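Residue numbers (my numbering), protein chains in the order written: chain A, 1 to 565; chain B, 1001 to 1253. Idealized CB from N, CA, C, for every residue including glycine. What you are looking at is a predicted structure, and each value in this text was computed from that prediction instead of being measured. Shown next, in C-alpha cells, is the structure this report addresses.
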Amino acid sequence: MSPPSAAPVRRPWWLRGPGLALAVALALAWRGSEGNLGTLLSADTLRAFSDFLGGFLPPAHSADFLSGIWRPLLQTVAIATAGMALAVLLGIPLALAAIDPRLRASLGGRPGLPSVLLHRAARLLLAVMRSIPEVLWALLFVRAVGLGPAAGVLAIGVAYGGIVGKVFAEILESTPRGPGEALGGAGARPLAALLLGIAPAARATLASYTLYRFDCAIRASSVLGLVGAGGLGQELELSLKMLRYDEAATWVLVLFALVAGVDALSRAARTRLALRPSLFPATPARLARDAGSALAGIAVVGAAARILELSPGTLLSARALRSMGDFARSLWPPDLALPFLRQLLPAAAETLAVSVLGTTLAAALGLLLALVATAAPRGWVEDARIGIPEAASRIAGAGARALMNLCRTLPELLWALAFVLAIGLGPFAGALAIGVHTAGVLGRLYAEALDEVPAGPAMALRAAGAGATSERLLASLPQAFAQLVAYTLYRWEVNIRAAAVLGVVGAGGLGRILYVSLSVFDHGRTLTVLAVVLVLVLAVDAASTWLRGRYLSSPASFAASSIIL
Amino acid sequence: MESAFPRDVLAFQGACRTLGGVRAIDALDLRVSRGERVAVVGPSGAGKTTLLRLAGASLFASGGEVRVLGEDPAGLPAGKLRALRARVGTIHQQLHLVPQASVLENVLLGRVGTQGVLRLAVAPLLRQDRERVAALLDRVGLASRIDERVDRLSGGEQQRVAVARVLWQEPDLVLADEPFSSVDPERSAEVARLLVDAASGRTLVVSTHQIAPLRDLVDRFVGLRAGRVLFDLSRHQLTEERLAALYRIEGPT
C-alpha cells in the first residue's frame, strides 16, 4: 500500500479523455439519429404502442389463417436450410485457406509464397462476404437472379459463408495444437494433421456454432421477404401494414418456437458429438448409423431445394449465370459524381449514428434486464431467505429472460418496421429497433457473464453485511465489466451492418439510397453505396478492435465473439 | 531410400538452435549409430527437448549441421521431409494423443505419415488392421481397451497407447521425451522396459533426468547442459561424480 499522498488525485474515468470522448460521441449519435424523446413519449406514439400490444392479443388462430401459414413458414425454413448448406460449402474451403500460416507451419507445413497469397486472398474474400449484410446481398441477388427464394438462398449462403469461414478458421486456430503437431511430426500432411489432430477437439464447437448460425439464418430468412427474396417476411409485413397485429403475433410466436427448436437441436447435437467414442465408425452398425445420419442431412437439404423449386442446374444454368454476369457488369463504373457523393456522406454519418445510439440504448436496457434476470440468489448463498422477496426476484428474473428472448427473436428489420409504424419514418426508429433487438442479445450475454463471475468478492461483501443490490453493483459488476464492454463493442460491429440496411424499411441511412438506386436500376450508384458500406463496416471493425486492445487488458474470449458475430 | 541407410542415424556437427532468443542448442556434436540406445540426461532447460525435436526433423538447426537418417531435413522438399518424419517415431512428454479418438484409432494414426486420411478412416473396419493393432496392444498390456476413448484412460495407460502408436508406425528411430515425468518411481522401470522392447531392432534416444530406470538398459549416456554436450559416456563409464557435475548449480540462476 502506498501512502495516500503519493498518488496524484485522478479524476473519475467519465471525466477523463475516454469518458468525455464517449459522451461527445453519444451526443453526436443522438443528434445524428434525430433522437427525440418528445416523439417517443407523445400521445400518438403511446397510443400506437398500446394499439400494438392490445392488437397482439389474442394471436390470430382461425383455422383459415393457420392453414395459410404453413407454406410461407416451410419456405422460410427451406431458405434457411439451403442457404446454410451453401454457406457451409463455401465457408469450409475458405476457412481452410484462411487459416493462419503459422498454424500450418506448426502442423509440419512449409508455407511458401503461393499459400501465403492464398491465405491473404481468402481472408479478403471472407471480409467482403461478411461485411455486406445479408439483406443487402438479398437486394443484389434479387436484381441478379430475379424475385424469389433463390435470391434469399444465395444471400444467406454468401453472407453466412463469410462468417462461417472466418469463425471456423478461428475455432481451429484456438484449439489445442499438441495432437496435430505430433501427427505433423510423424509425417502427416498439414491438412491431414488438421483434420485428424485438431478438428476432433473442435468438432462439438464447430457443430454448435453451425447450428447457432442456422438459428440466425431462420431469423434472417424471415425478413428477406421484405426485399422480395421469399419466405414469411412478406406476409408478416403485410399483416403489420394492414394493422392485423393479431396475425403478426402468430407469426412472431411461430418464429419464436422455430428458433427455440433449433436451440434444443443444437444442445442435443453437441452432447451427442461430445460423447462419440471414436472419430470414425468402428463397427458396421455404427457405419450404417453414421451413413444414415449423413443421408438424412442430404435429404433435408434436398427437400429444402425441392420446396423452393431450386436445383444447382437452374441456379448455375447458362441463363442464370448470364443474368448474374450482366448485373455484375452493369455495376461498373461506380458513380463518383460529386453531388451524389455529397448526398452519401450524411447518409453514412446517419448510419454510423444509428449504430452508436442503438448500441448504447441496447447496452443500458440490456444491463438492466441482465441485472433483473440474475437478481435471484445463487446456489452458494447460505442465508438464502426463502420468502416473498426471493420468489418475486425469481419471477422478475424469468420475466426478464423471456423479454430478452422476445427482443432477440425478432430481427432488427422487423423491429424497425414496427417502430416506423409507431413513430414515423426516420433514423430514430432505426436506432430504437437496433436498441431493442440488441438489448435482448446483450442482456443474455451480460447475464451469462455476471453469472460466471467468481463468487469470492460477492461472498466477502455479503459477509460484511452488504445487501443484494450493493453486492451486485460492487462485487459482480466490476469483475465482469471488461467482458461486458467487449461484448458491447463486438455487438457494435454487428449493428453497423444492421444499420446499413434499415433504410430498406424507411429507417434512415445508406440502406435507403441503396434501395432507391437498385429500384431505378442506377447500378453505378449501387456499387458506390456498397463500397461506402464496406468501408464503414471495416472502419467500425477496426475501431472496435483498437478500442478493445487499448482499453481492455484481456481480449474477450473467442467463445464470446462467436456467439454474437 | 532404404538401401542408402547410413551408419549414423543421427549426426550433429556444431549444431545450433535458437528459440525465443535463447540458444537452446549450442555448437552441439553428437553421433548415434544404428541400433544404439542412448539416454540424453541433464537438468531442466538443458536443451533435451530441443535436441529431440531436431532429431525428429520437426525443428531445423539455425546453424551447424544436423543429419537425420543421413538426410539434412532443412534442405528437403516437403514430400521428402514428410517421408523422413514418418521414419522417426516420437513419444512426446505430453503424449499428444487425440483425446476424442479411440485407442484403436490413436494407434492407427501412427501411420499417418504413409497412409491417407481415407485409408485411416476405414482402417477400424478392416479386420486385418484391427487384429494387428490388437496384437500390439496386447504387447503393451492394453488389449481389452481397444475400443475405449483415449481420454477415459489413466495417464499410464495413455502412455502405453503412445508406445503402441510408435510400434505401429514401425520407424527406424524412436525418440522418447521425458517418459518418466508423469509416472511414479516404481512404475518407471516398467516404462523403461516397455520402451526398450518397443525399440528393439531400432535406434532409441530417450531424454530424461531420471537415470536409474535406464541404468542397465541403454548403451550410452549423453550429458547435456546449457545446450552443449558435457559428457558422452558408455553406461560402464558413467560415474556419480560425472552426474553430480551435470546437475551442479553454477552461480545464480
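### Query
Hey, would you say Thr314/A sits closer than 8 Å to Arg491/A, going by beta carbons?
Mapped onto the first sequence, residue 314/A falls at position 314. Mapped onto the first sequence, residue 491/A falls at position 491. Cβ distance not < 8 Å, so Thr314/A and Arg491/A don't count as in contact.
### Spatial neighbours of Pro1099/B in its chain, beta-carbon cut-off 8 Å, leaving aside the 5 residues before and after
Position 99 of the second sequence, counting from 1, holds the residue named residue 1099/B. Excluding residues up to 5 positions away in sequence, Arg1149, Val1150 and Asp1151 lie with their Cβ nearer than 8 Å to the Cβ of Pro1099/B in the same chain.
### Query
Does the count of Cβ pairs from the region 86 to 95 of chain A and the region 270 to 283 of chain A closer than 8 Å reach three?
Short answer: they don't touch.
### Query
Does the distance from the CB of Ser278/A to the CB of Ala1134/B come in under 8 Å?
For the purposes of this step, residue 278/A is taken as the residue at position 278 of the first sequence. For the purposes of this step, residue 1134/B is taken as the residue at position 134 of the second sequence. No, Cβ-Cβ distance for Ser278/A and Ala1134/B is not below 8 Å.
### Task
Count the other CB atoms, across all protein chains shown, that sit within 10 Å of the CB of Met84/A; report buried if there are 16 or more and exposed otherwise.
In the first sequence, residue 84/A corresponds to position 84, counting from 1. With 16 or more other Cβ atoms within 10 Å, it is buried.
### Query
Between the C-alpha atoms of Cys407/A and Leu194/A, what's the straight-line distance to the nearest angstrom?
To locate residue 407/A, count along the first sequence from 1; it is residue 407. To locate residue 194/A, count along the first sequence from 1; it is residue 194. Straight-line spacing of the CA atoms in Cys407/A and Leu194/A works out to 39 Å.
### Task
Counting only the same chain and skipping the five closest in sequence on each side, list residues whose C-beta sits under 7 Å from that of Leu253/A.
What you label residue 253/A is simply residue 253 of the first sequence in a count that begins at 1. Correct list, in chain order: Pro59.
### Query
Taking the Cβ atom as the reference point for each residue, do Leu432/A and Thr488/A lie within a distance shorter than 8 Å?
Translated into the one-based positions of the first sequence, residue 432/A becomes position 432. Translated into the one-based positions of the first sequence, residue 488/A becomes position 488. No. Outside cutoff.
### Query
the region 1100 to 1114 of chain B: which residues have C-beta closer than 8 Å to a C-beta of chain A, in chain order?
Taking 8 Å as the Cβ-Cβ cut-off against chain A, the residues of the region 1100 to 1114 of chain B that qualify are Gln1100, Ala1101, Ser1102, Leu1104, Glu1105, Leu1109, Gly1110, Val1112, Gly1113 and Thr1114.
### Task
Would you verify that the beta carbon of Ser278/A is, or is not, closer than 8 Å to some beta carbon of chain B?
Sequence index remark: in the first sequence, residue 278/A carries index 278 (1-based). Interface residue (Cβ-Cβ distance to chain B less than 8 Å): Ser278/A is classified as such.
#### Entry: heavy atom of the ligand GDP below 7 Å from Ala1015/B C-beta
No copy of the ligand GDP appears in this structure; indeed no ligand is present at all.
#### Entry: Within chain B, the residues that Arg11/A reaches when beta carbons sit closer than 8 Å
As a working mapping, residue 11/A is identified with position 11 in the first sequence. Within chain B, no C-beta atom comes less than 8 Å from the C-beta of Arg11/A; the nearest is roughly 41 Å away.
### Query
Just to confirm, are Leu1214/B and Ala1039/B a CB contact at a threshold of 8 Å?
The residue given as residue 1214/B occupies position 214 in the second sequence. The residue given as residue 1039/B occupies position 39 in the second sequence. Their beta carbons are under 8 Å apart, which means Leu1214/B touches Ala1039/B by this criterion.
### Task
Find out if the Cβ-Cβ distance for the pair Val1068/B, Ile1211/B is shorter than 8 Å.
Here the question's residue 1068/B lines up with position 68 in the second sequence. Here the question's residue 1211/B lines up with position 211 in the second sequence. Cβ atoms of Val1068/B and Ile1211/B: not closer than 8 Å.
### Message
Suppose contacts are defined by Cβ-Cβ distances below 8 Å. Is Ala500/A in contact with Ala480/A by that definition?
### Response
Your numbering for residue 500/A matches position 500 in the first sequence. Your numbering for residue 480/A matches position 480 in the first sequence. The beta carbons of Ala500/A and Ala480/A sit no closer together than 8 Å.
### Message
Tell me the rounded alpha-carbon separation between Leu1095/B and Val1103/B.
### Response
As a first step, residue 1095/B is located in the second sequence; it is residue number 95 there, counting from the start. As a first step, residue 1103/B is located in the second sequence; it is residue number 103 there, counting from the start. Cα to Cα, the separation comes out at about 13 Å.
### Task
Check each candidate in Ser106/A, Val372/A and Ala138/A and name the one with the smallest Cα separation from Arg198/A.
Along the first sequence, one-based indexing puts residue 198/A at 198. Note on identity: in this sequence residue 198/A is Ile, with Arg being the wrong assignment. Comparing Cα-Cα distances from Ile198/A to each of Ser106/A, Val372/A and Ala138/A, the minimum goes to Ser106/A.
### Message
Please state whether the Cβ-Cβ distance between Ala1027/B and Arg1228/B is less than 8 Å.
### Response
Position 27 of the second sequence, counting from 1, holds the residue named residue 1027/B. Position 228 of the second sequence, counting from 1, holds the residue named residue 1228/B. At the C-beta level, Ala1027/B and Arg1228/B come within 8 Å of one another.
### Length of the line joining the Cα atoms of Val262/A and Thr438/A
Sequence index remark: in the first sequence, residue 262/A carries index 262 (1-based). Sequence index remark: in the first sequence, residue 438/A carries index 438 (1-based). Their Cα atoms are separated by approximately 20 Å.
### Message
So within the region 1030 to 1098 of chain B, which uninterrupted beta strand (DSSP E) runs reach at least 3 residues, ignoring any that extend past its ends?
### Response
Segments of the beta strand (DSSP E) lying fully in the region 1030 to 1098 of chain B: 1037 to 1041, 1063 to 1068 and 1088 to 1091.
### Query
How many Å lie between Pro93/A and Arg120/A at the Cα?
As a working note, residue 93/A is residue 93 in the first sequence. As a working note, residue 120/A is residue 120 in the first sequence. Pairing Pro93/A with Arg120/A, the inter-Cα distance amounts to about 14 Å.
#### Entry: is_contact[Glu173/A, chain B] using C-beta, thresh 8 Å
One-based indexing of the first sequence puts residue 173/A at position 173. Chain B contact via Cβ: absent.
### Message
Here's the rule: buried if 16 or more other CB atoms are within 10 angstroms of the residue's CB, otherwise exposed. What is Val167/A?
### Response
As a first step, residue 167/A must be located in the first sequence, where it is residue number 167. Classified as buried, Val167/A has 16 or more neighbouring CB atoms from the shown chains inside 10 Å of its CB.
### Query
Sorted by chain position, which residues of the same chain lie with C-beta nearer than 6 Å to Phe141/A's C-beta, five sequence neighbours on each side aside?
Taking the first sequence and counting its residues from 1, one reaches residue 141/A at position 141. Ala151, Leu154 and Ala155, listed in sequence order.
#### Entry: Any alpha helix (DSSP H) of 4 or more consecutive residues that is wholly inside the region 328 to 400 of chain A
For the region 328 to 400 of chain A, whole alpha helix (DSSP H) runs of length 4 or above, ordered along the chain, are 338 to 373.
### Message
Rounded to the nearest angstrom, what separates Ala305/A and Leu139/A at their Cα positions?
### Response
Position 305 of the first sequence, counting from 1, holds the residue named residue 305/A. Position 139 of the first sequence, counting from 1, holds the residue named residue 139/A. Whole-angstrom Cα-Cα distance: 21 Å.
### Message
Under 8 Å: do the region 174 to 189 of chain A and the region 1084 to 1095 of chain B share three or more Cβ pairs, one atom per stretch?
### Response
Result yes; three or more Cβ-Cβ pairs closer than 8 Å.
### Task
Return the chain-ordered ranges of every alpha helix (DSSP H) run that is complete within the region 404 to 460 of chain A and spans a minimum of 4 residues.
With a minimum length of 4 residues, the continuous alpha helix (DSSP H) runs that stay inside the region 404 to 460 of chain A are 412 to 423 and 427 to 452.
#### Entry: Whole runs of the beta strand (DSSP E) within the region 1150 to 1186 of chain B, excluding any shorter than 3 residues
Complete beta strand (DSSP E) runs here, min 3: 1173 to 1177.
### Task
Output yes if chain A places a C-beta closer than 8 Å to the C-beta of Glu1170/B; else output no.
The residue given as residue 1170/B occupies position 170 in the second sequence. No, Glu1170/B does not count as interfacial toward chain A.
### Query
In chain order, what residues of the same chain have a beta carbon less than 6 Å from the beta carbon of Ser208/A, not counting five sequence neighbours either side?
Taking the first sequence and counting its residues from 1, one reaches residue 208/A at position 208. Excluding five sequence positions before and after Ser208/A, the CB atoms of its chain that fall closer than 6 Å to its own CB belong to Ser266 and Arg270, given in chain order.
### Task
Using a Cβ cut-off of 8 Å (strictly closer), state whether Gly1089/B contacts chain A.
Your numbering for residue 1089/B matches position 89 in the second sequence. Output row for Gly1089/B: interface = yes.
### Query
How long is the line joining the alpha carbons of Ala204/A and Leu172/A, rounded to whole angstroms?
Residue mapping note: residue 204/A aligns to position 204 of the first sequence, counting from 1. Residue mapping note: residue 172/A aligns to position 172 of the first sequence, counting from 1. When only Cα atoms are considered, Ala204/A and Leu172/A end up about 12 Å apart.
### Query
Is Arg1007/B near Arg1037/B, with beta carbons less than 8 Å apart?
The count along the second sequence starts at 1 and reaches residue 1007/B at position 7. The count along the second sequence starts at 1 and reaches residue 1037/B at position 37. No, the Cβ-Cβ distance between Arg1007/B and Arg1037/B is not below 8 Å.
### Endpoints, alpha helix (DSSP H) assigned at Val1222/B
The sequence position of residue 1222/B within the second sequence is 222, counting from 1. That residue, Val1222/B, is in no alpha helix (DSSP H); its beta strand (DSSP E) goes Arg1220 to Arg1225.
### Query
Any idea what DSSP makes of Gln1210/B, helix, strand or coil?
Looking up residue 1210/B in the second sequence gives position 210. For Gln1210/B, the secondary structure class from DSSP, reduced to helix, strand or coil, is coil.
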